[in-house]
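One point on numbering: in the UniProt record's numbering, the residue at position 148 of the sequence shown is 148, and numbering is uninterrupted. C-beta atoms are modelled at their ideal positions from N, C-alpha and C, and glycine is treated no differently. Note that the coordinates shown come from a computational prediction; the quantities given were computed from them, not determined experimentally. First the structure, in the form of structure tokens, and then the observations on it.
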Amino acid sequence: MNAGVQNLVISLGAMQLARKIPFDDPVVLNYVRVGYVVSQVIVLAIYYYVSLAIKKKNDQTVLKYVEPASPMSQEEPKLVTTTYRDYDLSETSKLLRSVYMGIAMMGVMHIYFHFTQPLFIQALMGIKNLYDAKPVSIYILGKPATGDLKRPFKAASMFGPATGPATDAAAIAEAEKRVGKKDE
Numbered sequence: 001m002n003a004g005v006q007n008l009v010i011s012l013g014a015m016q017l018a019r020k021i022p023f024d025d026p027v028v029l030n031y032v033r034v035g036y037v038v039s040q041v042i043v044l045a046i047y048y049y050v051s052l053a054i055k056k057k058n059d060q061t062v063l064k065y066v067e068p069a070s071p072m073s074q075e076e077p078k079l080v081t082t083t084y085r086d087y088d089l090s091e092t093s094k095l096l097r098s099v100y101m102g103i104a105m106m107g108v109m110h111i112y113f114h115f116t117q118p119l120f121i122q123a124l125m126g127i128k129n130l131y132d133a134k135p136v137s138i139y140i141l142g143k144p145a146t147g148d149l150k151r152p153f154k155a156a157s158m159f160g161p162a163t164g165p166a167t168d169a170a171a172i173a174e175a176e177k178r179v180g181k182k183d184e
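Laid out in structure tokens, this is it:
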């Protein structure tokens, strides 16, 4: 079962469970708030630890891939040359931004709109997303960077095969030719 389907199943299950929680009781609500904050602090701390582990390992292996152009733009796919260290740090940074955006949205939803059930659901989903994060799998769980964990990471799709940057030699050579023509 892929991560998108798992997230959907966990969200639906958590919503059913959240219906049974008496959020109108201030004590219960405070426990849920504390649980949400603790789960987000754990997630942020683990991502910080992963970034430290990436910097400590300092893997300077060169990584070349062709980043696909966005579907609505007229741009051509671009060649990216980086190192495993820099790529992993950028992926961890994306994960951190995602957590910060979730915290901001949850703050607005809870403080301004007084929604309480999403606190419970997002506390669970934060931990689940941590388990699904590829840098966490490589640097904390110690899984080898092969298969789904091979860099550059492919984005999981709910309705089909994972998509991502092209890493084949033909695509890289084509992108290098385009870059060479622009430089002339």
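Classify Glu184 as helix, strand or coil using the three-state DSSP reduction. Counting from 1 along the sequence shown, the entry for residue 184 is found at position 184. Legend: pLDDT at Glu184 = 49, less than 50; position of this residue unreliable, no value from coordinates given.
Residues of its chain near Ala69, where Cβ-Cβ distance is below 8 Å and the 5 sequence neighbours each way are ignored: Taking the sequence shown and counting its residues from 1, the one referred to as residue 69 is at position 69. For Ala69, where only same-chain residues beyond five positions count, the Cβ hits under 8 Å are Glu75, Glu76, Pro77 and Lys78.
Beta-ladder partner(s) of Lys166, from DSSP: Position 166 of the sequence shown holds residue 166. Reading off the sequence shown, one finds Ala at residue 166, where the question assumed Lys. Ala166 is bridged to Val66.
Member of Ser98, Gly102, Leu8 and Lys57 whose CA lies at the smallest distance from the CA of Val88: For the purposes of this step, residue 88 is taken as residue 88 along the sequence shown, with counting starting at 1. In the sequence on display, residue 88 carries Asp and not Val. Nearest C-alpha to Asp88: Lys57.
Alpha carbons only, please: which of Leu141, Ala133, Ala171 and Ile121 is nearest the one belonging to Lys20? Your numbering for residue 20 matches position 20 in the sequence shown. Nearest option by C-alpha distance: Ile121.
Using the rule of at least 16 other Cβ atoms within 10 Å of the residue's Cβ for burial, across every protein chain shown, is Val28 buried or exposed? Reading the sequence shown from its first residue, position 28 is the one you call residue 28. Exposed: under 16 other Cβ atoms inside 10 Å.
Can you give the Cα-Cα distance for Glu184 and Pro152, rounded to whole angstroms? Sequence index remark: in the sequence shown, residue 184 carries index 184 (1-based). Sequence index remark: in the sequence shown, residue 152 carries index 152 (1-based). In this prediction, Glu184 has a pLDDT of 49, which is less than 50 and means its spatial position is unreliable; what the coordinates show is noted afterwards. Taking the straight line from one Cα to the other gives about 29 Å.
Are the CB atoms of Gly35 and Ala123 within a distance shorter than 7 Å? Counting from 1 along the sequence shown, the entry for residue 123 is found at position 123. Counting from 1 along the sequence shown, the entry for residue 35 is found at position 35. It is a contact, given that the beta carbons lie within the stated cut-off.
With DSSP as the reference, please indicate the residues paired to Val41 in a beta bridge. Walking along the sequence shown from the start, residue 41 turns up at place 41. In DSSP, Val41 forms no bridge with anything.
Hey, Tyr84 and Leu52: beta-carbon distance below 7 Å or not? Indexing the sequence shown from 1 puts residue 84 at position 84. Indexing the sequence shown from 1 puts residue 52 at position 52. No.
May I ask you to report which of helix, strand or coil DSSP gives Pro92? Position 92 of the sequence shown, counted from the first residue, corresponds to residue 92. A small fix is needed here, since residue 92 is Thr in this sequence, not Pro. Helix, per DSSP.
Rounded Cβ spacing between Lys128 and Ile10 (contact assumed at less than 8 Å): Within the sequence shown, the letter at position 128 stands for residue 128. Within the sequence shown, the letter at position 10 stands for residue 10. Right, their Cβ atoms sit about 6 Å apart.
With burial defined as no fewer than 16 other Cβ atoms inside 10 Å of the residue's Cβ, what is the status of Thr81: buried or exposed? Numbered from 1 along the sequence shown, position 81 holds the residue referred to as residue 81. Classification of Thr81: exposed, given that the 10 Å Cβ count is below 16.
Do Ile138 and Leu149 have their CB atoms nearer than 7 Å? Translated into the one-based positions of the sequence shown, residue 138 becomes position 138. Translated into the one-based positions of the sequence shown, residue 149 becomes position 149. Yes; because the gap between Cβ atoms is below 7 Å, this pair is in contact.
Whole angstroms are fine: how far does the CA of Val66 sit from the CA of Ala171? In the sequence shown, counting from the first residue as 1, residue 171 sits at position 171. In the sequence shown, counting from the first residue as 1, residue 66 sits at position 66. Cα to Cα, Ala171 sits roughly 7 Å from Val66.
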